[in-house]
Amino acid sequence: MTAKPTARIVRLFEDNLIFLSLIGIVAFFGLASDRFLSLTTLSTLLNQLPALTVVAIGMTLVLISGAIDLSVGSVLALCAGVVGGCMTLFGMPLPLAAGIGILAGALAGLANGSLGAYLRLPIFIVTLGMLEVARGLAYLVTDSQTVYLGARVQSFAVPIWGIGVSASFLTALALVIAFEYLLRSTVFGRQIVAVGSNESAAEVSGIDPKRVRCTVLVISGALAGLGGLMNASYLGSADPNAGVGMELSAIAAAVIGGTSLMGGRGSVVGAFIGVLIVSVLQIGLAQIGITEPTKRVITGAVIILAVILDRWRADSR
Amino acid sequence: MPQSATTANAAEPGSRERKPPAIAARGICKSFATQVLRNVDLRIAAGSIHGLVGENGAGKSTLAKIMVGLEQPDSGSLSLAGAAYQPRSTSESLKAGVALCTQELSLIDDLSIADNLLLPASSAARPRGRARIRRKLAHQYAMQSLARVGLEHASPAMRVGRLSLAEKQLVEVARALATGAALLVLDEPTSALTAPQADRLHEILREQANAGVAVIYVSHRLGDVLEVCDHISVLRDGEVRLTSSSDELSEAILIREMAGVDADLEASERNAVAALPVHLSVQELRTAELPHPISFECRWGEILGIAGLAGSGRTELLRAIFGLDKRLGGVVRLHVDGTWVELHSTRQAIRGGVGLVAEDRASDGVFRDQGLAFNVTVAGLRRIAGRVGRLIRSRETSAVGALVRELRVKSDGIDQPMRTLSGGNQQRAMLGRWLHCDAKLLLLDEPTRGVDVAAKLAIHEELVRLRDAGRSIVAVSSELDELASLCDRIIVLSNRKLVREFQRSELHQEDILAAAFSEYA
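Protein sequences appear in the order of chains A and B. Sequential numbering of the first sequence, starting at 606, is according to the numbering used here. Sequential numbering of the second sequence, starting at 15, is according to the numbering used here.
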């Protein structure tokens, strides 16, 4: 409040560091490639984002609560498979199949939450186990084949005429805003931060850490389920190999966005910008002709750089 | 000052020949938030067992830690067998031949007994410069070490986590003995031991002393100290008040010296509270930590003190009342709005208007990376929320603002990170957390721990003001003068039992201390 103007500018710069980084990266690719700053690129980018975005939202909440969820990629594939199975085997309409798919994700999250929070098993190991279990189940429900669904599901993912983005993307964006609001401005959001920040102090304050963590893992599972639906509509099929390694991309996006792996700190909007940074790098590097191996090296380096910057920012306070 | 205190500075235990003492401390001072040790001089001769006694917070453990390099003194010096000695870590002190056996057990549960015994770098089975442990040698070595402390039946391969507390304590002693140290520092070595086990330990210590080892023996059990030690020093408020041969001492003298000259506590002008209605009733309360049923009452508008030594079950009692620890029996009832409510959980207690400020603020109190407002409102979020759990920022701002003014918390705005506030201001914020919930009964565990003297007095004033405004307070404190100046009544815990109750009019520091020590005989 009483800080000098220059200090305020520095502070403003620090607080929006990742957003500025995103602009910097976009500007770099804009200069480096004359095809980058185009509507085609933007549309490609935005329409492949939704699945990772919703998964990253769940991951961010889980990390802030001081837990981790390694199962999201597999749960995403399982739920895509469930949606596909419901539609092809039982001929269900999309909304019903989608509901069942998301419910399947929530159940996987409930299993994670009950074992991790209530039975006090290490959540890292529980969700690592679920990563295998859900992947196996995804192969079982799809009979290890990609289930073709076609136009029935693609309506969700095709750009809406006139706005250029899909319903899928709009849903993801709305969820980013809704969950950021949940985190900042609701009783439950505060409880998540409290549990991740100091579990035993939260308990003394009358908050039940088990219930909070379990709920957050259910949310993460349900969002992975939604991610499965988005993935299936993007591809027009349910692929049991979908989402391999997605847990790591989601963690990377959350961390780039300023979420602490130790819990108690983070932002959903930050994670969304993290998703944008990772995706822009993928597309931009491809356009300027960088090969896949080099792309991975650069992406990994960017993740580490983000953590270094974040640490520096935290220490300077 | 009593005449015996004059002998304190001339601490000259063992009128032995001119040989340098095994360890000598000169003018040791140490401060944390407050001064813990003031100008401590101590000389301990080789071959003698030297007792160190004092109230909680008198500085015994800090002095022990300084001797093994776990803490560094602010000023003053140590010498070991005549040579300067400045340990910076336990590995340095071990090399110099000083071993510590702590109150907080330092064994690793997941390792075997043998592995634990081998942890100190200087163990015989791990010759210097050799990282590889030789199994057979280690096994033999462990067998010998265990036999020495009467644990012949234990297998060296057994995981330490499977041992009882008493057995762990013996393993810890075995480990200290096995380092072949010339000076052994034992901090409460018998707290978990049965009488025969303690006797066995005392025999071992005597053997060690006869072999020329110097032993420093810190304990609450005055009977043991008098029996085992050659010399005893009494610490009070970080100063050595008395050092004398144990033949010339008795339990009564030790208690008098620990309590100090101002044994009649200053009583404030408050009237008896016996006529007030009961607010909290605890009946036959038992937990795993408190095996003996505890019953007491706290009245409306009363400050009830809980005295007792560290580890006497004070913290556990507050936690059990607040529903944090599982109860094995008993009833906790609260008088709210004219009816009795039974408390079973923390959430119920909070809803009934109870708040707990924990002793360990860092681990059970503050959210250090979150803001002041977050910390104040966290237990009563519903009070600043609208429908469906939506937080209303303007309500939070005004509620926190009012409390910050009322409690005079100094901060640069309500979102200042908690970790950047001073200890006193953090503690006020902890009180604010419960005032925000409109708590009528405050359970305070060491309410002025880790705050400076001025902040301490201010917190005392605050508590009296809260009481006068009609709230009830149950306060645990290690400082008898704090309890005396604050409390209307004091109950005393000793070795996890409730042993005595004192009315305001009958507060004598010596009696309270005697009660606090009574179950450790």
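Where is the CB? At the ideal position from N, CA and C, for every residue including glycine.
Any C-beta of chain A under 8 Å from that of residue i
i, result
"B/Ser377", "yes"
"B/Asp383", "yes"
"B/Arg361", "yes"
"B/Ala393", "yes"
"B/Leu332", "no"
"B/Ala372", "yes"
"B/Leu279", "Residue confidence is low: B/Leu279 scores 48 on pLDDT, short of 50, so the model does not pin down where it sits. Its coordinate-derived value is still stated next. Answer no: the Cβ-Cβ gap between B/Leu279 and chain A never drops below 8 Å."
"B/Val380", "yes"
"B/Ile364", "yes"
"B/Leu405", "yes"
"B/Arg442", "no"
"B/Ala399", "yes"
"B/Arg52", "no"
"B/Arg162", "no"
"B/Glu283", "Interpretation of B/Glu283 is limited by its pLDDT of 49, a score under 50 that renders its predicted location unreliable; the figure taken from the coordinates is listed afterwards. No - not a single Cβ of chain A is within 8 Å of the one on B/Glu283."
"B/Arg396", "yes"
"B/Asp276", "The predicted position of B/Asp276 is uncertain, since its pLDDT is 49 and thus under 50; a value taken from the coordinates is nonetheless stated next. For B/Asp276, the answer is no, since every Cβ of chain A falls outside 8 Å of its Cβ."
DSSP three-state assignment for residue i, whether helix, strand or coil
i, result
"B/Arg173", "strand"
"B/Ala209", "helix"
"B/Arg503", "strand"
"B/Gln222", "helix"
"B/Glu69", "coil"
"B/Val82", "coil"
"A/Gly678", "helix"
"A/Thr864", "coil"
"B/His64", "strand"
"A/Cys684", "helix"
"B/Leu516", "For the sequence presented, residue 516 of chain B should be read as Phe rather than Leu. In the structure shown, B/Phe516 sits in a strand (DSSP, three-state: E or B)."
"A/Ala911", "helix"
"B/Leu125", "coil"
"B/Arg396", "helix"
"A/Val883", "helix"
"A/Ala891", "helix"
"A/Gln750", "coil"
"B/Cys536", "The structure shown does not extend to residue 536 of chain B, since chain B is modelled only from 15 to 535, so the question has no answer here."
"A/Gly671", "coil"
"B/Val227", "coil"
"B/Gly194", "coil"
"A/Ser872", "coil"
Residue-chain proximity (residue i, chain B), Cβ-Cβ < 8 Å
i, result
"A/Phe793", "yes"
"A/Ser854", "no"
"A/Gly871", "no"
"A/Met606", "Only weak support exists for where A/Met606 lies, its pLDDT of 45 falling under 50; the value from the coordinates is given anyway. Answer yes: the Cβ-Cβ gap between A/Met606 and chain B drops below 8 Å somewhere."
Per DSSP, the bridge partner or partners of residue i
i, result
"B/Ser89", "B/Cys43"
"B/Asp201", "B/Val232"
"B/Lys511", "B/Ser508"
"B/Tyr155", "DSSP lists no partner for B/Tyr155."
"B/Val254", "B/Leu249"
"B/Tyr99", "B/Leu92"
"B/Arg57", "B/Ala38"
"B/Leu405", "B/Ala399"
"B/Val368", "B/Leu455"
"B/Gln523", "Per DSSP, none; premise fails for B/Gln523."
"A/Arg842", "The sequence shown places Ser at residue 842 of chain A, not Arg. For A/Ser842, which the question treats as bridged, DSSP gives the partners A/Tyr753."
Below-8 Å beta-carbon distance, residue i vs any chain C residue
i, result
"B/Leu455", "The chain labelled as chain C is not found among the protein chains of the depicted structure, namely A and B."
In chain order, each beta strand (DSSP E) run of at least 3 residues that lies wholly inside the segment 410-490 of chain B
455-459, 486-490
Please list, in chain order, the residues of the segment 615-648 of chain A that have any C-beta partner in chain B closer than 8 Å.
none
Residues of the segment 789-821 of chain A in Cβ contact with chain B at a cutoff of 9 Å, in chain order, please.
Within the segment 789-821 of chain A, the residues whose Cβ lies closer than 9 Å to some Cβ of chain B are Arg789, Ser790, Thr791, Val792, Phe793, Gly794, Arg795, Gln796, Val798, Ala799, Ser802, Asn803, Ser805, Ala806, Ala807, Glu808, Val809, Ser810, Gly811, Ile812, Asp813, listed in chain order.
Length-filtered (4 minimum) alpha helix (DSSP H) runs lying within the segment 277-362 of chain B
328-335
Unbroken beta strand (DSSP E) runs of length 3 or more, entirely within the segment 759-797 of chain A: which are they?
none
Give me the subset of the segment 326-360 of chain B whose CB atoms are less than 8 Å from a CB atom of chain A, sorted by chain position.
Phe336, Leu338, Thr360
Compile a chain-ordered list of the residues in the segment 407-434 of chain B whose CB is closer than 8 Å to at least one CB of chain A.
Arg407, Asp426, Gly427, Pro431
Which runs of the alpha helix (DSSP H) spanning at least 4 residues fall entirely within the segment 633-667 of chain A, listed in chain order?
Counting whole runs of 4 or more residues, the segment 633-667 of chain A contains the alpha helix (DSSP H) stretches 644-653.
Would you mind listing the alpha helix (DSSP H) stretches within the segment 682-727 of chain A that are 4+ residues and don't spill past its ends, in chain order?
Listed in chain order, the alpha helix (DSSP H) elements of length 4 or more contained wholly in the segment 682-727 of chain A are 699-718.
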